[in-house]
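Under the numbering used here, the letters of the sequence shown match residues 213 to 367, in that order. Contents: one structure, followed by commentary.
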Amino acid sequence: MASRAPITIFDEPYIGLDAAGRQLFYDVLIDDYMENPRTIILSTHLIDEVSNLLEDVIILHKGTVKLEGNSEDIKNKAFYISGMKDRLESHISGKKVLNKEEFGRTMAVAVFDCISEKEKKAMETDDLSISTISLQQLFIFLTGGKMIKRGDINE
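Given below as structure tokens:
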């Protein structure tokens with residue numbers, strides 16, 4: 213960071229730091245960036261912890277770019293939708309579904325796609341629940357990782 217090179221690369225720079233130490237690192241990084249704007253590349257596995265620092269995101273998996281774009285644009289396209297299966301299916305037709313889980317007559321899906329305000333209102337009218345997906349969960353879905361739910365591993 214001290215070199216203030218036009219491109220500054222950090223690869224898991226906070227390994228070994230506790231939560232307070234990592235926050236101090238992020239604060240110093242932002243302060244330094246504000247005084248000396250430049251491109252900063254931060255390779256991390258603590259995605260949720262740094263998500264508020266990111267302007268652009270690139271998700272890599274096994275040497276392949278799985279997702280690239282503006283952080284806010286990406287967050288605005290990542291949703292969990294849940295409710296009665298028969299009602300939900302019509303709303304997700306044509307959408308990019310990353311994950312689907314069925315529980316009897318109900319279903320929960322992770323969607324990465326544009327959902328208009330009109331579509332959201334229609335989903336709410338059909339008693340469907342809509343919430344956002346964190347960048348960390350999106351990373352897990354896009355890289356085929358395992359999610360731990362209800363004490364089990366869901367592949």
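Note that the Cβ used here is the ideal one computed from N, Cα and C, for glycine as well. Being a predicted model, the structure only gives us computed values, none of them experimental.
About 16 angstroms separates the beta carbon of Leu272 from that of Val262, a gap too long to meet the 8 angstroms contact definition. Contact between the segment 338-347 and the segment 275-295 is present: three or more C-beta pairs spanning the two stretches fall below 8 angstroms. The Cβ-Cβ distance between Phe353 and Ile327 does not fall below 8 angstroms.
With a 10 Å radius around the Cβ and a threshold of 16 neighbouring Cβ atoms, Ala322 comes out buried. Scanning its chain for C-beta atoms nearer than 6 angstroms, with the 5 sequence neighbours on each side dropped, one finds around Tyr226 the residues Arg234 and Phe237, in chain order.
Nearest neighbour of Pro218 by Cα position, chosen from Leu241, Glu267, Asn248 and Asp239, turns out to be Asn248. Here the alpha carbons of Ser283 and Leu266 stand approximately 6 angstroms from one another.
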